[in-house]
Structure formats: C-alpha cells, structure tokens
C-alpha cells in the first residue's frame, strides 16, 4: 500500500478538523529544507543556485522543530539539497518522529545506504528516493553516471532493513513513454512503498530551460504514460490521491493550493510557495496573512503559474476534494489498492 492505514486516518482527521474549524487556508505538508547543499547538480533543479555563504548554512534541529510546531502540518517533507549531508539529520528525524509527524526524507540515494544505521524503521519515516527513470535517462537528468545503480542498491538495502521507501520521479519533456512504463514496472519489483510522480516546474534559475512541460503537454504525456494504469492493465502503487492523477491527465481541473505545502529554510518562510521565490517571512502566520494569494495560481493570470501542475501545489487541493462524499471511496485506493 502507498500509505499506511494509520497515516490515512490521521490525515483524514486533520482535514476534517480544519474544515470544522472553518479554516480557509491551512498546511497539509511542510516542506522543511534544513540545507540547500547537494552532492549533485541536476539540470532541472532550481534549489541549489544560492550563494556559497547560504549553501554552507544549516537549520538547527531546534529551528526545525519550532517550524514544525508553528506550522502544524501532519506531514513533513525534507527536501534539499541533500538532507543526508546535514550533520544532525538523525536528531531532526528522531525529533519529528517523537512529534508523530509523517516524514518523507528526500534523497538522491548516494549517501542512503551508508546512512541507514543512523535511523530506525518507523511507520512515521519514509525515505523518498529521487529516480527519474531507467538508468540512462536518470543518469542524464542528474548529470552523472552511476547514480541510478547506487540509488537502486540503496533502496534494496533500506527495504532489507525494514524501512519504508518511496520514489520521487519528475517527468520532463522528451521522456520515452514506453521506458517510463517499464520504469514503473521495475519499481514494483523493488517492493517500494509507493511512487510519486510530477511534471517538472520551470524554475527560472534551473540550468536546463528546454525540457519543462506546458499544461497541455503535461496532460497529453501523462495520459499516454498512465494508459496501462487507467485501463486497469497495471496496478502501479502510486503514493498519490487518485484524484491528483485524474488532474494530471486532464479529467479534473483544480486550482493551486499554494499554502498547502509551505516551505521553510535557512532563509525563512518562502513566499508564496515551494516553487516560487518572491521573498521570505519570519513567521508562518505572516506568510498566511501578508501574502496576496489572489496573485498566484492559474486563475490569477500570473504567467509563472500558468503551466504549473506540480504535486506540492495540487495534491492538497485533491486531498480536500477527496473529502467530498462522492470521492471518499475512490480515494481509499491510496490505502487499500486500486
């Protein structure tokens, strides 16, 4: 199953509580970035192009815990940079587990196998390993040979030790549909605990600006890639609400929920979302209260939002839609299978 039953129950309770409290804007996933340093320089990444003095900085565990408490989201994604480069990553993860947060620790896999002894398997901890496709394509995306094999070996090692492991795949223009379908089949053989997929976001400062998808391209490409899944021929174990997959193939039309996945880093709370960088606030409440949310999302006409269909903006929207009575049964496939 993509997420465990207790996680589904806890997140469901959280969503119901927010609705009963009448809250219009609330977080679902905190994007906690304890550092921006990385041991790769992926061509589509827009997160590591910071001055050296910023790349040298780390959030302390205390800063991480304070942000988690301030935000209140039930899920914490730890992206980067490469979080396993953080000298206190074990302390950070242990503290989040004590707070009963569901953690997705994102990693490119290069340091994962040698880092496993720092952690204990827990239903609250999932390693999310970045893999963009089969060997040749993935190594091209990360601009280094051998990364695919190292990451796959790390996944096998983590599973052998009882850890939950998911994969995180960004899909760019130019990917081969048949190879991507083969890739999903391959991940199933590894026994992973769910696959996350998303179109790439066109970061203004990413080195490669030629392979990001426009909205109609995204729908057409995902529709083709997912044909074996939507037709029932494959039962790939996606770590997504099925309504989000409906959105990717054009069967649902959602508006972005930028406050659903707020981002906190050494620079503060990023305005307005994980993908756009238009300044920082010192508190989460300032982010909620002072951001002019009408300026963001596709309906706003903001050109930076026009083609975005990334999961961090639309998965929270799908999660709220899943609370509608007509959608509840279908959304349970995330737990019990298709």
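Numbering (the UniProt record's numbering), first residue to last: 1 to 338. Note that CB positions come from ideal geometry on N, CA and C, so glycine has one too.
Nonlocal neighbours in the same chain, by C-beta distance under 6 angstroms from residue i, ignoring five residues either side
{"i": "residue 263", "result": "31, 270, 274"}
{"i": "residue 26", "result": "18"}
{"i": "residue 257", "result": "316, 317"}
{"i": "residue 229", "result": "236"}
{"i": "residue 254", "result": "247, 314, 317"}
{"i": "residue 312", "result": "261, 274"}
{"i": "residue 11", "result": "74"}
Beta-carbon proximity check, residue i vs residue j, cutoff 8 angstroms
{"i": "residue 109", "j": "residue 166", "result": "no"}
{"i": "residue 266", "j": "residue 89", "result": "no"}
{"i": "residue 243", "j": "residue 327", "result": "yes"}
{"i": "residue 272", "j": "residue 296", "result": "yes"}
{"i": "residue 218", "j": "residue 70", "result": "no"}
{"i": "residue 125", "j": "residue 148", "result": "no"}
{"i": "residue 195", "j": "residue 239", "result": "yes"}
{"i": "residue 101", "j": "residue 74", "result": "yes"}
{"i": "residue 116", "j": "residue 161", "result": "yes"}
Element boundaries [alpha helix (DSSP H), containing residue i]
{"i": "residue 277", "result": "Here residue 277 belongs to no alpha helix (DSSP H); instead the beta strand (DSSP E) covers 277 to 281."}
{"i": "residue 228", "result": "227 to 230"}
{"i": "residue 187", "result": "177 to 189"}
{"i": "residue 55", "result": "52 to 55"}
{"i": "residue 150", "result": "147 to 160"}
Cα-Cα separation, residue i to residue j
{"i": "residue 143", "j": "residue 83", "result": "19 angstroms"}
{"i": "residue 8", "j": "residue 23", "result": "20 angstroms"}
{"i": "residue 248", "j": "residue 104", "result": "22 angstroms"}
{"i": "residue 207", "j": "residue 51", "result": "Note on residue 207: pLDDT 49, under 50, position unreliable in the model; the coordinate value appears next. Their Cα atoms are separated by approximately 15 angstroms."}
{"i": "residue 261", "j": "residue 173", "result": "25 angstroms"}
{"i": "residue 205", "j": "residue 277", "result": "Legend: pLDDT at residue 205 = 49, less than 50; position of this residue unreliable, value from coordinates given subsequently. The straight-line gap from Cα to Cα measures roughly 11 angstroms."}
{"i": "residue 226", "j": "residue 178", "result": "10 angstroms"}
{"i": "residue 34", "j": "residue 76", "result": "12 angstroms"}
{"i": "residue 210", "j": "residue 200", "result": "At residue 210 the pLDDT is 48, less than 50, meaning the model places this residue with poor confidence; the figure from the coordinates comes in the next sentence. In a straight line, the C-alpha of residue 210 is about 11 angstroms away from that of residue 200."}
{"i": "residue 241", "j": "residue 331", "result": "6 angstroms"}
{"i": "residue 42", "j": "residue 78", "result": "18 angstroms"}
{"i": "residue 159", "j": "residue 310", "result": "28 angstroms"}
{"i": "residue 72", "j": "residue 122", "result": "20 angstroms"}
{"i": "residue 106", "j": "residue 91", "result": "16 angstroms"}
{"i": "residue 3", "j": "residue 192", "result": "11 angstroms"}
{"i": "residue 307", "j": "residue 28", "result": "22 angstroms"}
{"i": "residue 171", "j": "residue 214", "result": "12 angstroms"}
{"i": "residue 136", "j": "residue 163", "result": "27 angstroms"}
{"i": "residue 291", "j": "residue 15", "result": "23 angstroms"}
{"i": "residue 182", "j": "residue 138", "result": "13 angstroms"}
{"i": "residue 20", "j": "residue 259", "result": "18 angstroms"}
Cβ-based neighbour list, residue i, same chain, cut-off 8 angstroms, excluding 5 preceding and 5 following
{"i": "residue 56", "result": "37"}
{"i": "residue 95", "result": "61, 64, 65"}
Host beta strand (DSSP E) of residue i (start-end)
{"i": "residue 164", "result": "164 to 171"}
{"i": "residue 3", "result": "Element bounds for residue 3: n/a, residue is neither H nor E."}
{"i": "residue 199", "result": "195 to 199"}
{"i": "residue 21", "result": "Segment: none, residue 21 is in no beta strand (DSSP E) and carries neither H nor E."}
Nonlocal neighbours in the same chain, by C-beta distance under 7 angstroms from residue i, ignoring five residues either side
{"i": "residue 150", "result": "109, 110"}
{"i": "residue 298", "result": "255, 256, 305, 306"}
{"i": "residue 279", "result": "271"}
Any chain B beta carbon closer than 8 angstroms to residue i
{"i": "residue 250", "result": "The structure shown contains no chain B, having only a single protein chain."}
Checklist entry - Which whole runs of the beta strand (DSSP E) in the stretch 245 to 330 are 3 residues long or more, in chain order? => result 263 to 265, 268 to 272, 277 to 281
Checklist entry - Where in the stretch 62 to 140 do unbroken runs of the alpha helix (DSSP H), each at least 4 residues long, occur, reported from the N-terminal end onward? => result Qualifying alpha helix (DSSP H) stretches, in chain order: 89 to 98, 112 to 115.
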